[in-house]
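> Please see the structure below; I have some questions.
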Amino acid sequence: MRKVVLGTLILLAAMAVAQMPPSHGGGQRGTMPSSRTDFAQMCGIADPSVEASRRLTRSAEGEWRVVSSDARPLATDRGVARVWHQGNWMVDLHDAPGSGMNVTQMHTGQMCFDPGGRAIGLIDRYMDMPGCGCMRYTVLHFDLASGRVMRREQKFVGVQSGAPMAEPESAKSFPEIWPFRRLEQLPFFKLISQ
Numbered sequence: 334m335r336k337v338v339l340g341t342l343i344l345l346a347a348m349a350v351a352q353m354p355p356s357h358g359g360g361q362r363g364t365m366p367s368s369r370t371d372f373a374q375m376c377g378i379a380d381p382s383v384e385a386s387r388r389l390t391r392s393a394e395g396e397w398r399v400v401s402s403d404a405r406p407l408a409t410d411r412g413v414a415r416v417w418h419q420g421n422w423m424v425d426l427h428d429a430p431g432s433g434m435n436v437t438q439m440h441t442g443q444m445c446f447d448p449g450g451r452a453i454g455l456i457d458r459y460m461d462m463p464g465c466g467c468m469r470y471t472v473l474h475f476d477l478a479s480g481r482v483m484r485r486e487q488k489f490v491g492v493q494s495g496a497p498m499a500e501p502e503s504a505k506s507f508p509e510i511w512p513f514r515r516l517e518q519l520p521f522f523k524l525i526s527q
């Protein structure tokens with residue numbers, strides 16, 4: 334029981350960090366909204382409530398499964414996702430590298446796909462507490478016709494302060510930005526396309 338409670342608390346903390354808006358200097362242009370509600374509005378999702386989403390979890394063995402919206406992740410789960418489909422598709426993805434839902438390292442993504450499954454926009458965050466106490470924040474904007482990245486914005490911020498910082502040496506070992514450019518590339522696509 335204690336492991337389930339701990340896993341749930343860690344997951345909730347990770348989701349809170351993943352929803353942190355970046356700290357911007359005044360009036361930066363082109364930055365994609367990062368709160369779920371704002372991102373949903375940009376993506377064309379009218380109802381971004383948790384109840385309107387399909388929820389999935391990933392086991393330690395890498396197997397994705399659909400779970401009820403009120404189900405708690407298992408202590409051994411290493412990833413969770415929520416998917417909204419209201420014409421466009423919106424995906425919130427949270428993955429914990431290593432063993433268990435380790436809040437000291439967390440890779441999250443907010444993704445928007447058009448009705449045909451092509452990427453419109455992506456916000457990728459990677460938090461590394463032991464290496465740098467920082468988060469890599471990356472925004473990609475896509476050209477709908479070609480699917481190519483039209484604009485890429487990236488910065489590093491301190492997790493505690495939210496202040497921008499220079500790229501740390503440890504960033505060389507960070508995972509790649511989420512590579513999903515089409516909906517069917519998601520590892521759980523078969524579960525959400527039924």
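Here our numbering is used: the first residue of the sequence shown is 334, the next is one more, and so on.
Beta carbons are placed, not taken as given, at the ideal position from N, Cα and C, and that holds for glycine.
So P430 and H418 are supposed to be a Cβ contact under 8 Å. How far apart are they, rounded?
Taking the first residue of the sequence shown as 1, we reach residue 430 at position 97. Taking the first residue of the sequence shown as 1, we reach residue 418 at position 85. Actually they do not touch by this definition, with Cβ atoms about 28 Å apart.
> In the DSSP assignment, find the unbroken beta strand (DSSP E) run with C445 in it and report its ends.
To locate residue 445, count along the sequence shown from 1; it is residue 112. Q438 to F446 is the span of the beta strand (DSSP E), which, as asked, contains C445.
> Buried or exposed: G412, going by 16 or more other Cβ atoms within 10 Å of its Cβ?
One-based indexing of the sequence shown puts residue 412 at position 79. Buried.
> Between V472, V400, R458 and Q518, which lies nearest to G449 when the distance is taken from Cα to Cα?
The sequence position of residue 449 within the sequence shown is 116, counting from 1. Of the listed residues, the one whose Cα sits closest to G449 is Q518.
> Which value, in whole angstroms, describes the spacing of the CA atoms of K523 and L477?
Taking the sequence shown and counting its residues from 1, the one referred to as residue 523 is at position 190. Taking the sequence shown and counting its residues from 1, the one referred to as residue 477 is at position 144. Computed Cα separation, rounded: 23 Å.
> Quick one: grab the DSSP three-state call for E324.
Not covered by the structure: residue 324. The range shown for the chain is 334 to 527.
> Would the segment 484-502 count as touching the segment 462-471 if we require 3 or more Cβ pairs under 8 Å?
Segments in contact, yes.
> In chain order, what residues of the same chain have a beta carbon less than 8 Å from the beta carbon of S402, not counting five sequence neighbours either side?
Residue 402 sits at position 69 when you count from the first residue of the sequence shown. Same-chain partners within the cutoff: V383, E384, S386 and R388.
> Applying the 10 Å Cβ sphere with the 16-neighbour rule, what's the burial state of A571?
The shown model of the chain, from 334 to 527, leaves out residue 571, and the question about it has no answer.
> Let me check understanding here. Comparing Cα to Cα, which of G442, D447 and S479 lies closest to G420?
For this step, residue 420 is matched to residue 87 along the sequence shown. When only C-alpha atoms are compared, the closest one is D447.
> Quick check on DSSP: helix, strand or coil for I525?
Here residue 525 is taken as the residue at index 192 of the sequence shown, counted from 1. In the structure shown, I525 sits in a helix (DSSP, three-state: H, G or I).
> Identify the continuous beta strand (DSSP E) that holds T370 and give its terminal residues.
Sequence index remark: in the sequence shown, residue 370 carries index 37 (1-based). No beta strand (DSSP E) contains T370, which is instead part of the alpha helix (DSSP H) from R369 to C376.
> Given that a residue counts as buried once 16 or more other Cβ atoms are within 10 Å of its Cβ, and exposed if not, what is G442?
Taking the sequence shown and counting its residues from 1, one reaches residue 442 at position 109. With 16 or more other Cβ atoms within 10 Å, it is buried.
> Would you mind listing the beta strand (DSSP E) stretches within the segment 442-493 that are 3+ residues and don't spill past its ends, in chain order?
Fully enclosed beta strand (DSSP E) runs of 3 or longer: 452-461, 467-475 and 482-491.
> Suppose you measure from the CA of S368 to the CA of L455; what does that come to, to the nearest Å?
Here residue 368 is taken as the residue at index 35 of the sequence shown, counted from 1. Here residue 455 is taken as the residue at index 122 of the sequence shown, counted from 1. Going by the C-alpha atoms only, they are around 13 Å apart.
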